[in-house]
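What follows is a set of notes on a single structure, which appears directly below.
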Amino acid sequence: MSKKFTKDHEWISLDGDVATVGITDYAQAQLGDVVFVEVPEAGKQVAKGDDAAVVESVKAASEVYAPVSGEVVEGNGELEGNPALVNEDADDSGWFFKMKLADAGELDGLMDEAAYADYVKELD
Amino acid sequence: MSEKQTFTGNRGLQLEEALIFEIGAYENCGVDLEDVPQVESRLGDCAAQGNIDLPGLSEPEAMRHFVRLSQKNHAIDAGLYPLGSCTMKHNPRLNEKMARLPGFSDIHPLQPQGTVQGALELMDALAHWLKTLTGMPEVALSPKAGAHGELCGMMAIRAAIEAKGELATRTRVLVPESAHGTNPATAALLGFKVDGIPADASGRVDLAAFKEKLGDDVAAIMLTNPNTCGLFERDIIEIADALHEAGGYFYCDGANFNAIVGRVRPGDLGVDAMHINLHKTFSTPHGGGGPGSGPTVLSERLAPFAPLPYVEKSEDGLRLVENNGDAENNPFGRMVAFHGQMGMYVRALSYMMSHGADGLRQVAEDAVLNANYILASLKDVMSAPFEGPCMHEALFDDSWMKDTDIDTLDFAKAMIDEGYHPMTMYFPLVVHGAMLIEPTETESRAALDLFIATMRDLVRGAKDGEIDRFKNAPELAPRRRLDETLAARSPVLRWQSPEAKKAAE
Amino acid sequence: MRYLPLTDADRQAMLANIGAANIDDLFVDVPEAARRDGTVDLPRHQGEMQVERQLSAMAGKNMTASTVPFFCGAGAYKHHVPATVDHIIQRSEFLTSYTPYQPEITQGTLQYLFEFQTQVSELTGMPVANASMYDGSTATAEAVLMAHRVTRKSRAVLSGRLHPHYTAVIENLTEMGGFALVQPDMAPAGAEDLLALIDDETSCVVVQNPDFFGNVADFTKLAAQVQAKGCLLIVAVPEVVSLGLLKRPGDMGADIVTGEGQSIGGGLNFGGPYVGLFAARDKHIRQMPGRLCGETVDADGQRGFVLTLSTREQHIRRDKATSNICTNSGLCSLAFTAHMTLLGGKGMRQLAELNHARAVQLADALGAVKGVEILTDAFFNEFSVKLPANAAQTVDALADKGVLGGVPVSRLAPQAGLDDVLVVAATEANTQDDIAAFAAALTEVLS
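The listed protein sequences correspond, in order, to chains H, P and F. Taking our numbering, the leading residue of the first sequence gets 897, the next gets one more, and so forth. Taking our numbering, the leading residue of the second sequence gets 25, the next gets one more, and so forth. Taking our numbering, the leading residue of the third sequence gets 1319, the next gets one more, and so forth.
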């Protein structure tokens, strides 16, 4: 399926019953050089809106929230040693974690690509 | 500007200096120690194996090392240091001399109290000055820094709430969005939930929004006054009254007391607790980041909970109350081993006695006058977000830079090449690209005029598109811009020998 | 007014420039009810000589350590500080500089902080150390909070032989932060079963070396046992000179080491300012409190230093910061670094040996006094003695004879039931004459 977006600049992409979550290219650009990422461990239960991961640049630290509820099945271990991946490829290999959705219906409340593009345009 | 390369890498008087680990040796020693008498060891099974792998330097080498390092620092003794919110004022050397009197510097905190009556007298005198200047009945001297004083004040508030049996219900602390980061950090440390209050268009607490947030679950407000935008909170008495009406306590962040010392007493504003940074208002040196000292004044309602230790008068002279069993009140506990920053108490009292009541009032007036002079002299070319006079610091935002290709950071770095330490940047958070300038009363009119002229020229350069002057800055400092991303991505937090580094790879 | 450069003419001209009629115009935002016309009720300004006279009179009333036989310790020690150290810390560029937030013009401060971190790391045997804390007591309390964060648990086990003020500081933060702690009764000697006090909610065990009574111990076994239960071992070192001669806490397996650095470069100063040491393991760096200085390069590729990992700190993280701390003990850490640089590893070892030798001589001398029992078997430069009399009264009587003869336990822990126990310390600053004078005075007081 295509990606969905939150107002906190996370993206989520569903493949079967597992969804991948990352931050958007706009978000990484706002943060600047990412120097540290903390991703959740597999098995962690998160409710929609919970703190799920942390992303830090030199001058800012930000929580990454769970866009929907579910169980984390994998964190992106690659980011620990190479946080710059978030800057280089936020939309793809710089993903944060994968999760099993508790309620796929929660995705309906999120923005699609066009709506997110409009949302970002308004922020600038 | 000469691009001349030198053999040594030195540039005239600016000397490069390696780390002590690269120039010293284990065998070297700059201290002549007595021979060790032969005794039978009583260390049990605890004796160290192997040498301590640290180099030593002879005395002249050590002196050169640290003197060369010192020459890479900007300092208030060398020039204007307009860091907003930090109050970089002159540090009188009389203070240093007094703090080094053996009667203060060479006494142990746990000597019999009869042998340190003069030290207790000094603490009592300092307490009297602080209480009188703030119009508050009690002061806890022991906190070791401003943030530690905040913690002290909020602990006293928490103790008072607990004594009223309201700890379970009063869980929320109101903190303006413009606050220092220490405020929410302190409240969170004590288990309170932090609730932000927005600023109004005038840069002050939005009174209506504040009142809406009041309720019987509010423990306290943490409000800086004058606030971090350099403005006096006009509604402060109304805020205090409404808060007290709702059963909450008023913590005032006293970081900016320098603007009002001798003219306004926080006790007259309804404050329940306020820390005083002795290293700001009362001239104890910042020392490259400490040690500070943060005595905290307390209102009648909080006085019974003041922490241990404190000085009181007794039949045999002054007495230090150090344990709960000896206290008549209900101290909330102890914040530090011993009695706090005695060395700073001496310096601060020396400063207060020098200035006197009249001089301290003049300090506040000159600090405010200097800041307003800067505001008035720059606001036609830079953008000031708020109307009206400021207190001790002048705030600008970055909207005037909109059509240039530079940002606040570039502007600050260009100031370095002109010989100035930059102002505080990107704080307070409520103003975009903030530049917060605090000249203090230390600056002469001539020094201010040169600073203003420099700032105006920088602004002109920015508007005229002299990009290199900003983007490449600093070019004339001991170092160019440093790579903070590299430092944070792969932290190197101690020196390692080339061999150890190799082994680790 | 010698500290104020503006003249009245300046003030008038500047007011005119601003467009204000008088200074009060700049204070218009102060509510009328809080405006004051005159000065507060305090003395007027005075010259240097007058201030010096009054403060010197106060200072003159105190009995100073260097002028009498002096044996007080208990977390603050009398050592010789080389004259060079005080000169270095009074360099304007160090003394009157702010926190090094602009690294291009504060490399001096940053480089010595990097050197300081390396020295503390080496002395404690730990991989990383921060740029210092307020003092040993608050550093130890911060270590407990850090252990809670790392383990996500909330209860601490404290040794009964932790300095009572350190205990009190931890207790205060524990109570205020909604945590828990447990601590066995205080006893000057004998085994402590701290392992038995660990439960599922326990995050850490805190021990002290040398402990409050002067005992030294090897915690290697305890470290392994504590860690096997999922807890961290925190070792507090209030007398840093001991690290010149004792096995390093890092080598014992400690997870966090805290210390009081006053002994190196610092005077007694009636209790402050001192300098807290804080060292930990690499894996816990991001949970550490306080400032950290790190190495990097500048735009020309030259080595330089910056404050780093600041996203842990309050000015960025606000209510989610690892600590509310926003200062270190900068100038005291400079004094530490300068003194340590003068000593070097070899000098540090010799200094520690000298301290130990003086303490052994003192123990021999006091042990020979009738009725006095030495309670501490293995010690560094401090130990406990049991007196045939009340220790606090004995110390007062000694002071009357011009001897500052240690710290009675009851001064810090009146509830411990150890009224006859005295803690005494000897350092390189003591001569054999001092020791003989102390033993003679004690004999007289006790007879």
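The beta carbon of each residue, even a glycine, is placed where N, CA and C say it ideally should be. Quick caveat, the model's predicted, so the values are computed rather than measured.
What is the rounded straight-line gap between the Cα of residue i and the Cα of residue j?
i                   : j                   : result
Asp-987 of chain H  : Thr-1469 of chain F : 33 Å
His-1657 of chain F : Glu-352 of chain P  : 43 Å
Asn-119 of chain P  : Ser-378 of chain P  : 10 Å
Glu-1493 of chain F : His-1466 of chain F : 14 Å
Thr-1520 of chain F : Ser-1472 of chain F : 6 Å
Phe-1412 of chain F : Gln-95 of chain P   : 9 Å
Val-387 of chain P  : Leu-293 of chain P  : 20 Å
Glu-976 of chain H  : Ala-938 of chain H  : 15 Å
Gln-135 of chain P  : Val-1725 of chain F : 7 Å
Asp-913 of chain H  : Pro-1607 of chain F : 41 Å
Gln-1733 of chain F : Asp-59 of chain P   : 42 Å
Asp-404 of chain P  : Asp-427 of chain P  : 16 Å
Ile-430 of chain P  : Ile-491 of chain P  : 7 Å
Gln-38 of chain P   : Glu-1613 of chain F : 20 Å
Pro-1502 of chain F : Pro-498 of chain P  : 58 Å
Buried or exposed for residue i, please, with buried defined as at least 16 other CB atoms from any protein chain shown within 10 angstroms of its CB.
i                   : result
Phe-31 of chain P   : exposed
Tyr-1019 of chain H : The question names Tyr, but residue 1019 of chain H is Leu in the sequence shown. So Leu-1019 of chain H ends up on the exposed side.
Met-112 of chain P  : buried
Thr-1626 of chain F : buried
Ala-1011 of chain H : exposed
His-172 of chain P  : buried
Met-1367 of chain F : exposed
Ala-211 of chain P  : buried
Glu-959 of chain H  : exposed
Arg-228 of chain P  : buried
Thr-1424 of chain F : buried
Met-25 of chain P   : Unreliable placement is indicated for Met-25 of chain P, whose pLDDT of 47 sits below 50; no coordinate value is reported for it.
Ser-323 of chain P  : buried
Would you identify the three-state DSSP class for residue i, choosing helix, strand or coil?
i                   : result
Val-1403 of chain F : helix
Thr-1761 of chain F : helix
Tyr-105 of chain P  : coil
Asp-947 of chain H  : strand
Ile-100 of chain P  : coil
Trp-907 of chain H  : strand
Gln-1526 of chain F : strand
Arg-1362 of chain F : strand
Val-1713 of chain F : helix
Leu-1414 of chain F : Per the sequence shown, the amino acid found at residue 1414 of chain F is Thr instead of Leu. The answer is coil: DSSP assigns Thr-1414 of chain F none of H, G, I, E or B.
Glu-442 of chain P  : coil
Leu-474 of chain P  : helix
Leu-191 of chain P  : coil
Asp-219 of chain P  : strand
Lys-900 of chain H  : strand
Looking at chain A, is there any beta carbon in it that lies within less than 7 Å of the beta carbon of residue i?
i                 : result
Gly-68 of chain P : Judged by its chain identifiers, the structure shown contains no chain A, and its protein chains are H, P and F.
Let's see if you can read the secondary structure: which residues bound the alpha helix (DSSP H) around residue i?
i                   : result
His-1674 of chain F : 1648 to 1685
Tyr-961 of chain H  : Looking at the DSSP string, Tyr-961 of chain H is not in any alpha helix (DSSP H); the run it does join, the beta strand (DSSP E), is 957 to 961.
Ala-297 of chain P  : Careful: Ala-297 of chain P lies outside any alpha helix (DSSP H), inside the beta strand (DSSP E) at 297 to 299.
Ile-1336 of chain F : 1326 to 1336
Lys-525 of chain P  : 522 to 528
Glu-186 of chain P  : 170 to 187
Thr-1469 of chain F : 1454 to 1469
Glu-88 of chain P   : Before going on, a small fix: residue 88 of chain P reads as Arg here, not Glu. 83 to 94 is the span of the alpha helix (DSSP H), which, as asked, contains Arg-88 of chain P.
Can you tell me where the beta strand (DSSP E) holding residue i begins and where it ends?
i                   : result
Pro-200 of chain P  : 196 to 200
Tyr-273 of chain P  : 273 to 277
Ala-1554 of chain F : 1550 to 1555
Assess contact between the stretch 1475 to 1491 of chain F and the stretch 361 to 372 of chain P, defined as three or more Cβ pairs (one per stretch) separated by less than 8 Å. Is contact present? yes
Do the stretch 1635 to 1649 of chain F and the stretch 1525 to 1544 of chain F meet, that is, are 3 or more Cβ pairs less than 8 Å apart? no
Meets three-Cβ-pair contact criterion under 8 Å: the stretch 160 to 177 of chain P and the stretch 201 to 216 of chain P: yes
Is it a yes or a no for the stretch 1615 to 1630 of chain F touching the stretch 1689 to 1697 of chain F, going by three-plus beta-carbon pairs under 8 Å? no
Evaluate the contact criterion for the stretch 1440 to 1453 of chain F versus the stretch 87 to 107 of chain P: three or more CB pairs, one atom per stretch, below 8 Å. no
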